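J.:
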Amino acid sequence: MTTRLVDGLRRQLQAAQGDAVQRVETHISWVLLAGDFAYKLKKPVNLGFMDFSSLATRRQACEDELRLNRRLAPELYIAMLPLHGPVDAPTFGGSGEPLDWVVQMRRFADGSLWSERLSAGQLLPSQVDRFAERLAAFHAEAPRAEPVSPWGNAEHVAGPALRALAEIERLDPRAVEPGLARWLHHQAATLPPVWAERRAEGVVREGHGDLHLANVVMLGDEPTAFDGLEFDPGLRWIDVLNDAAFLVMDLWAHGRRDLAFRFLNAYLEHSGDHAGLPVLRFYLVYRALVRALVGRLQGAASAAPDYLALAQTIAQARDARLLATCGLPGSGKSHVTQQLLEAAAAIRIRSDVERKRLHGLPPLADSRASSIDIYTPQANAATFSRLRALAGISLLAGWPTIVDAASLKRAERERFQAVAIAAGAPFTLLVCDAPPDVLRERVRLREARRDDASEAGPEVLERLMPAREPLGAAERVHAIEVDTTRAPAASELAADWLARPAQPTAG
C-alpha cells in the first residue's frame with residue numbers, strides 16, 4: 004500500500020462528508036479526520052521493533068489496537084473495517100481479499116489532549132486525581148504476566164533503558180554526564196532482586212505502555228487514555244508502576260512537577276503500591292531517556308522539554324527525609340500536606356487511607372456503612388505499624404516522605420523518629436492546629452460532604468481533644484508549628500522542611 008490508497012480513501016470520505024478531510028501522518032500510520040470520525044491505517048513498514056509490512060501483520064495490529072484500547076477508551080474505538088474496491092476509490096465493506104484494514108475511531112474535540120490543556124493552563128488538579136483513580140483501577144484488573152513469560156525479568160526491564168542510553172551516547176557522545184551512566188548501570192546491577200519480587204507479586208501486567216501527555220484526552224469530564232502500544236507486547240507487559248511513571252515523568256518534564264507528584268500520590272493512594280518505590284526512580288529515568296532518544300531521532304525543536312537533563316536530575320535527586328504530622332481532626336493536616344507534597348516532590352502516606360486499606364476498603368468508602376469498626380485499639384496499632392513500614396520503604400528509596408497522621412501520643416511520634424534515624428534521614432514534626440471552634444466547624448462540614456478519607460467526626464474530635472499529649476522540649480527541636488487558619492505558603496513550608504539538617508538528631 005502506498006499513499007495512493009490513503010489519498011483515494013480521503014477523496015471518498017470528502018465526497019461523502021461534503022467537507023475537507025484532514026490527513027495526519029506519523030512514522031507508523033496515517034489518520035484521516037472526517038467529520039465525527041477518525042480512520043487510522045497502518046503504514047506498510049518494517050522498522051525492526053515493529054513490522055507492518057504485510058497485510059496479515061497490519062490486520063493483526065488493527066485487531067490488537069482495538070482490543071487493547073477498548074479497555075480504557077471503549078467510547079473512542081468503534082470498529083475494524085476492511086477496505087475494498089479500486090485503490091483510487093476504496094470503500095468500506097465488500098467481499099474477497101481486502102486492500103487493507105482500518106481502525107475507525109470517534110473523533111474528539113481539538114484542544115482535548117492533556118498536552119494541549121497543559122500548554123493552555125487548563126489541566127485541573129481534579130482531572131489529575133480522577134485519572135490516577137481510573138489508572139489504578141485499570142491496573143488492578145489488567146491480566147498478569149504468566150510465570151513462564153519473559154516479561155518483567157531483569158533483562159526485559161533494564162535492557163531498554165541501557166540501550167536507550169547507549170544510543171543517545173552514540174548519537175551525541177558528549178550529551179550524557181558520566182554520573183548518569185554510572186548510576187544507570189549500578190541500578191541495573193542491583194535492582195534485579197526487586198524486579199524478581201515485583202514479578203512474583205503479580206504487578207507485571209498488560210498495561211497501556213505509552214502514557215505520555217498526548218495520549219490522555221478529556222472526553223467530557225473523564226480523562227481517558229488512548230493509543231496504547233499494540234505493536235510490541237514487551238512494551239506493554241510491564242510493571243504497573245512503570246506504566247504510571249511515564250505520565251509522572253512527562254508532567255515533570257513539562258514544568259509541572261507539582262501535578263506530577265499529585266498524580267503519583269493519588270495513584271499510590273488508590274493502588275497501595277508503595278512497595279514499588281525502590282524501582283520508581285529507575286522507571287522515571289528510563290522513560291525520560293526514551294523520550295530524549297526519540298527527540299534526537301526526530302530532530303525535536305529546541306523548545307521541547309530537555310528529557311535528558313531531567314533524567315540526570317531524577318537520578319541525582321535522592322533526598323530521604325521524614326516529616327510526620329501531629330494534629331487533631333480538622334486541624335488541616337491533609338490540606339497542608341497535599342500542598343507540601345506538590346511543592347517538595349514528596350511521597351505522602353495517609354493514616355486515613357491506610358487504615359481503610361487494612362480493612363479492605365477504598366479511600367472514600369464509609370466503614371460505618373460496612374459495619375466495620377476501623378478505630379479499635381488493635382486497628383490503631385496496625386495502622387501506625389503500617390505507616391512506619393511504608394515510611395521506611397519510601398525513605399530507603401531516597402524520597403522525601405510525609406506521614407499524615409494525628410500522632411497525638413508522644414510514643415507515636417518517637418516511633419516515627421526512630422524510623423527516620425534507622426534510615427539515616429532527618430526528622431521533622433509538622434504540628435497543625437487551629438482554634439477549637441474552627442476545628443469543630445471543619446469536621447462538621449467534612450462529615451457533611453463525605454468527600455475525604457477521614458471519618459473522624461465531631462464525637463471523635465471531642466474525645467481526642469483532651470487526649471492530645473503536648474510536645475516535649477526535645478520534640479520542639481524538630482518541629483514546625485503551623486496555625487492553619489493562617490498557614491504559610493506551601494513553597495515557604497517546603498523550603499523550611501527541605502533545609503533541615505541532613506542528619507537526624509536523636510531526641
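In the working numbering, the protein residues as written are 4 to 510.
Quick reminder that beta carbons are idealized off the backbone N, C-alpha and C, glycines included.
Here the structure is a predicted model, which is why all the values come from computation and not from measurement.
Could you tell me the boundaries of the beta strand (DSSP E) in which V219 lies?
T.: V219 to L222 is the span of the beta strand (DSSP E), which, as asked, contains V219.
J.: Just curious, the alpha helix (DSSP H) that V27 is in, first and last residue?
T.: No alpha helix (DSSP H) contains V27, which is instead part of the beta strand (DSSP E) from Q25 to E28.
J.: Residue range of the beta strand (DSSP E) that H188 falls in?
T.: It is not in any beta strand (DSSP E) - H188 instead sits in the alpha helix (DSSP H) that spans P181 to T193.
J.: Within its chain, find whatever has a CB closer than 6 Å to the CB of A349; leave out the 5 residues flanking it on each side and keep chain order.
T.: Once the five neighbours on either side are set aside, the close Cβ partners of A349 are P403 and I405.
J.: Are the CB atoms of V356 and A423 nearer to each other than 8 Å?
T.: No; because the gap between Cβ atoms is not below 8 Å, this pair is not in contact.
J.: Going by beta carbon distance, what residues of the same chain come within less than 7 Å of A368, once the five residues before and after it are set aside?
T.: Result list for A368: K359, in chain order.
J.: Give me whichever residues DSSP pairs with D54 in a beta bridge.
T.: Per DSSP, N49.
J.: Using beta-carbon positions only, say whether E66 and M53 come within less than 8 Å of one another.
T.: No; because the gap between Cβ atoms is not below 8 Å, this pair is not in contact.
J.: Use the C-beta contact count for P439: other C-beta atoms within 10 angstroms, 16 or more gives buried, fewer gives exposed.
T.: Counting Cβ neighbours within 10 Å, P439 comes out exposed, since fewer than 16 surround it.
J.: Rounded to the nearest angstrom, what separates Q420 and P332 at their Cα positions?
T.: Distance between the alpha carbons of Q420 and P332 is about 22 Å.
J.: Okay, do the stretch 71-88 and the stretch 103-116 touch, 3+ Cβ pairs below 8 Å being the bar?
T.: Flag = yes, the stretch 71-88 and the stretch 103-116 touch.
J.: With DSSP as the reference, please indicate the residues paired to A482 in a beta bridge.
T.: Bridge partners of A482: L432.
J.: Compare the C-alpha of H189 against each of F285, G237, P128 and H257 and name the closest.
T.: If we check each option's Cα against that of H189, F285 comes out closest.
J.: Taking 8 Å as the threshold (C-beta atoms), are V282 and W198 in contact?
T.: Cβ atoms of W198 and V282: closer than 8 Å.
J.: Taking 8 Å as the cut-off, does the stretch 290-309 touch the stretch 460-467 (at least 3 CB pairs, one atom from each stretch)?
T.: At 8 Å Cβ cutoff, the stretches do not touch.
J.: According to DSSP, what are the bridge partners of W240?
T.: In the DSSP output, where bridge partners are listed per residue, W240 has E209.
J.: Among G162, P146 and L183, which has the Cα closest to the Cα of W240?
T.: When only C-alpha atoms are compared, the closest one is P146.
J.: Once the 5 residues before and after F264 are set aside, which same chain residues still bring their CB inside 6 Å of it?
T.: Result list for F264: L344, E345 and A348, in chain order.
J.: If you draw a straight line from the alpha carbon of Y270 to that of W117, how long is it in whole angstroms?
T.: The straight-line gap from Cα to Cα measures roughly 17 Å.
J.: With DSSP collapsed to three states, give me the class of Q125.
T.: Q125: coil per DSSP, three-state reduction.
J.: Between D103 and P77, what straight-line distance do the alpha-carbon atoms span, to the nearest angstrom?
T.: If I take the Cα positions, the gap works out to 23 Å.
J.: In angstroms, rounded to a whole number, what distance separates the CA positions of P507 and V480?
T.: With a pLDDT of 44 at P507, under the threshold of 50, the modelled position of that residue is not reliable, and the figure given next carries that caveat. Those two C-alpha atoms are separated by around 11 Å.
J.: Pairs of beta-carbons, one from the stretch 228-237 and one from the stretch 85-96, closer than 8 Å: are there three or more?
T.: Flag = no, the stretch 228-237 and the stretch 85-96 do not touch.
J.: For the beta strand (DSSP E) that contains I81, what are its first and last residues?
T.: Y80 to H87 is the span of the beta strand (DSSP E), which, as asked, contains I81.
J.: Considering only DSSP beta bridges, list what V105 is partnered with.
T.: In the DSSP output, where bridge partners are listed per residue, V105 has L44 and L84.
J.: Could you check which residue in E233, S152, P380 and S397 has the C-alpha nearest to that of D213?
T.: For D213, the nearest C-alpha among the options comes from E233.
J.: For the stretch 327-382, which segments carrying the alpha helix (DSSP H) assignment without a break, of at least 4 residues, lie completely within its bounds, in sequence order?
T.: As far as the stretch 327-382 is concerned, its whole alpha helix (DSSP H) runs of at least 4 residues are 336-347 and 354-361.
J.: Mind checking N49: buried by the 16 CB within 10 Å criterion, or exposed?
T.: N49 should be labelled exposed.
J.: Give me the Cα-Cα distance between I375 and A497, rounded to the nearest whole angstrom.
T.: Using only the alpha carbons, I get a separation of about 37 Å.
J.: Secondary structure at R324, three-state DSSP: helix, strand or coil?
T.: Strand at R324.
J.: Thinking just about the alpha-carbon of each residue, which of V9, G330 and P163 is nearest to the one in P469?
T.: Checked all of V9, G330 and P163; the closest Cα to P469 is G330.
J.: Please tell me whether T488 has its Cβ less than 8 Å away from any Cβ of chain D.
T.: The structure shown contains no chain D; it is built from a single protein chain.
J.: For I424, name the three-state secondary structure that DSSP assigns.
T.: Helix.
J.: Report yes if the C-beta distance between L292 and I171 is below 8 Å; otherwise report no.
T.: Yes, the Cβ-Cβ distance between L292 and I171 is below 8 Å.
J.: Taking A191 as the reference, give the member of P181, A178, P163 and R202 with the closest Cα.
T.: Per the Cα distances, P163.
J.: From the DSSP output, in three-state form, read off T94 for me.
T.: Residue state, collapsed to three classes: strand.
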